[in-house]
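Asker: Structure provided below as structure tokens; questions to follow.
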Amino acid sequence: ELILAIETSCDETSAAVIKNGEEILSNIVSSQIESHKRFGGVVPEIASRHHVEQITLIIEEAMKEAEVTFQDLSAVAVTEGPGLVGALLIGVNAAKAIAFAHDLPLIGVHHIAGHIYANQLVHKLQFPLLTLVVSGGHTELVYMEKNGSFEIIGETRDDAVGEAYDKVARTLGLPYPGGPHIDKLAHEGKPTYDLPRAWLEQDSFDFSFSGLKSSVINNLHNKKQRGEEVIPEDLAASFQESVIEVLVTKTKKAQEQYRVAQVLLAGGVAANKGLRSELQRVFEPSEVELLIPPLNLCTDNAAMIGAAASIKFKQKKFAAYDLNGNPGLDLENQ
Ligand code: ATP
Ligand code: MG
Ligand code: FE
């Protein structure tokens, strides 16, 4: 089984060819970060325009690198949502055109299902499993009893982790996207600032990061106003420590309560070095298997969409040729 997968939900234009849901024959990613940097975030109109300009080339490159023709394909998959509607539409229309022209089944994929299934490109999944999803727009603990079944047992009530990282970075004057810069600074500093941890109700697997984010920003402004020195490395280290402590503690508790065989990490923030090593420290001595994707499969890419699509292919869950981009697509009921 060979699937051509397309991802255009945000600011990466990507196409990949995936064999049997686990082998990457090609995975071409064109990032637009440079174009959005001077605006301090993703500008939807600019993102759509870049996708239009790039999509045909990226698909051709993915097919060429995989050394396959459209006739060899089993299906075409595309990120259906969530994401920026104008960005999603470019990928969806490209996928529809190819599927229609070559009489191939079309598969709509949930972007977060893609982030989770990135792990399948690295290792065989074993159910039931638990995934900590940490990305630019999502922070969730997802329980999966079997392939294709997603239960969100906890989620953020305000900011996503990646969003908090990017806002804190911006306040510190770091370029967009700020996550990797904070991660780097954090390793050069000590967690000397006393920042809050939002545990919420005792039995809750939900998260909240807006209080922590505001606390960092207030700390910075107050100190500046009083003419006191702020050590960015230490502030970054304190912020990162608070984030990781809450994420890892809740993940561990959920793993114990749900008795899962595997714990997966997924999403752009899964690239965070501190988070990766703390999860390893906590889970590696236990019998639970911890899966963490390599860095290039953590941030947005089409290979992960192809991996998730393979499950739908086996279940024959195909989309009609009138598939639309759906910015509000629900992970649990797709
Ligand atoms: P979503 O997947 O929720 O739709 P998205 O696709 O925009 O959102 P991703 O591309 O999955 O998000 O992840 C991007 C986010 O990951 C950004 O917020 C970025 O700052 C963050 N990020 C990337 N690397 C790191 C890192 N090393 N440490 C912390 N955050 C990071
Ligand atoms: Mg991105
Ligand atoms: Fe993403």
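Its first residue numbered 5, the sequence shown is counted upward by one per residue in UniProt numbering.
Yeah, the Cβ is synthetic: ideal placement off N, Cα and C, and Gly gets one too.
Quick one: what's E293 bridged to in DSSP?
Answerer: Q266, per the DSSP bridge assignment.
Asker: Spatial neighbours of R280 within its chain, please: CB distance less than 6 Å, with the 5 preceding and 5 following residues excluded, ordered by chain position.
Answerer: Excluding sequence neighbours, R280 sits near I296.
Asker: Using the DSSP secondary-structure output, state which residues sit across from E155 in a beta bridge.
Answerer: Bridge partners of E155: Y147.
Asker: Measuring only the C-alpha atoms, how far is residue 345 from Y147?
Answerer: With the chain covering 5 to 338 only, the question about residue 345 has no answer from this structure.
Asker: Going by beta carbon distance, what residues of the same chain come within less than 7 Å of D163, once the five residues before and after it are set aside?
Answerer: Only F213, S214 and K217 meet the Cβ criterion.
Asker: Check each candidate in A9, E237 and V292 and name the one with the smallest Cα separation from R263.
Answerer: Nearest C-alpha to R263: V292.
Asker: In the DSSP assignment, find the beta strand (DSSP E) that holds S78 and state where it starts and stops.
Answerer: Run containing S78: none; DSSP gives neither H nor E here.
Asker: Near ligand 3, which residues have their beta-carbon closer than 5 Å to a heavy atom?
Answerer: The filter returns S139 and D304, in chain order.
Asker: Which value, in whole angstroms, describes the spacing of the CA atoms of A70 and R201?
Answerer: For A70 and R201, the distance between alpha carbons rounds to 46 Å.
Asker: Apart from the five residues on each side of it in sequence, which residues of its chain come closer than 8 Å, Cβ to Cβ, to G45?
Answerer: Result list for G45: D170 and Y180, in chain order.
Asker: Within the continuous beta strand (DSSP E) that includes G112, where are the two ends?
Answerer: It spans L110 to H114 - the beta strand (DSSP E) in which G112 sits, taken as one unbroken run.
Asker: So, at 7 Å on beta carbons, what are the nonlocal neighbours of L129 in its own chain, with the 5 sequence-adjacent residues on each side left out?
Answerer: Around L129: N123 and Q266.
Asker: Do you know offhand how far L269's Cα is from L145's?
Answerer: Rounded to the nearest angstrom, the two C-alpha atoms are 10 Å apart.
Asker: In chain order, what residues of the same chain have a beta carbon less than 8 Å from the beta carbon of P331, not counting five sequence neighbours either side?
Answerer: G85, P86, G87, L88, V89 and L92.
Asker: At the level of alpha carbons, what is the spacing between residue 363 and G182?
Answerer: Because the chain spans 5 through 338 in this model, residue 363 falls outside it and cannot be assessed.
Asker: Excluding the five sequence neighbours on either side, which residues of its own chain have a C-beta within less than 7 Å of the C-beta of Q259, listed in chain order?
Answerer: Cβ neighbours of Q259 beyond the five flanking positions: L134, V267 and V292.
Asker: Tell whether a beta-carbon distance below 7 Å holds between S139 and G166.
Answerer: The answer is yes: Cβ separation under 7 Å.
Asker: Considering only the alpha carbon of each residue, which of L136, H225, Q206 and Y197 lies closest to G177?
Answerer: The shortest Cα separation from G177 among L136, H225, Q206 and Y197 belongs to H225.
Asker: Determine the direct distance from the alpha carbon of V273 to that of R285, and round the result to whole angstroms.
Answerer: Rounded to the nearest angstrom, the two C-alpha atoms are 18 Å apart.
Asker: Please find out if some non-hydrogen atom of ligand 1 comes closer than 6 Å to the beta-carbon of G329.
Answerer: G329: no, Cβ never under 6 Å from ligand 1.
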